[in-house]
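Beneath this line is the structure, given in structure tokens, with notes to follow.
Residue numbers (this note's numbering): 122 to 302.
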């Protein structure tokens with residue numbers, strides 16, 4: 122029984138309260154260990170995340186020249202495209218101006234033709250022996266004449282036609298229907 126005697130000699134003075142104290146101390150140490158371990162893991166994860174953000178920032182800083190070159194390239198491309206659009210707009214504007222000028226000339230020619238027809242009719246002894254016209258005919262002619270001037274017309278119309286037409290006698294319309302007798 123020497124083994125039992127050795128056991129009793131070694132642990133004979135241990136009481137239940139000592140065992141409970143040891144167990145509680147072990148539980149306490151385990152809980153402290155767990156809290157310290159969780160704290161250290163959290164701290165490690167935070168440091169790891171911070172290091173990762175720092176590395177990403179450093180990568181971005183190292184790539185800055187590349188990003189800058191890319192930005193400059195995009196800017197140059199956009200400037201070239203804007204210049205191309207500007208040149209196209211200038212060509213279209215010149216073409217539009219040319220078309221407007223041609224339309225203005227055509228309109229001026231049409232108005233001149235109508236004014237000359239009226240001039241030939243009203244100043245001709247055979248077609249208008251009384252050298253007169255109605256108020257409505259005069260207003261229509263002078264309205265066309267103003268349009269002709271606004272369209273840029275001048276020259277012969279002002280030196281010959283306008284003076285001859287101002288000499289015509291304005292007569293009243295013979296009836297209210299606007300038809301001449």
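All C-beta atoms in this analysis are idealised placements derived from N, C-alpha and C, irrespective of residue type, glycine included.
{"Check": "State buried or exposed for residue 278, treating a residue as buried only when at least 16 other CB atoms are found within 10 Å of its CB.", "Outcome": "buried"}
{"Check": "Hey, how far is the Cα of residue 273 from the Cα of residue 257?", "Outcome": "25 Å"}
{"Check": "With DSSP as the reference, label residue 135 as helix, strand or coil.", "Outcome": "coil"}
{"Check": "Would you tell me roughly how many angstroms separate the C-alpha atoms of residue 160 and residue 201, rounded to the nearest one?", "Outcome": "58 Å"}
{"Check": "Note down the Cα distance separating residue 112 from residue 207, rounded to an integer number of angstroms.", "Outcome": "Because the chain spans 122 through 302 in this model, residue 112 falls outside it and cannot be assessed."}
{"Check": "If we count the other Cβ atoms within 10 Å of its Cβ and call it buried at 16 or more, is residue 145 buried or exposed?", "Outcome": "exposed"}
{"Check": "Tell me which residues share the same chain as residue 217 and place their Cβ nearer than 7 Å to its Cβ, disregarding the 5 neighbours each side in the sequence.", "Outcome": "none"}
{"Check": "Give the C-beta separation of residue 244 and residue 215 to the nearest angstrom, bearing in mind that I take them to be a contact with Cβ-Cβ under 8 Å.", "Outcome": "Incorrect: roughly 42 Å between the Cβ atoms, too far for contact."}
{"Check": "Within its chain, find whatever has a CB closer than 6 Å to the CB of residue 252; leave out the 5 residues flanking it on each side and keep chain order.", "Outcome": "289"}
{"Check": "Span of the alpha helix (DSSP H) holding residue 287?", "Outcome": "283 to 287"}
{"Check": "When you compare the CB positions of residue 282 and residue 236, do they come within less than 8 Å of one another, or not?", "Outcome": "yes"}
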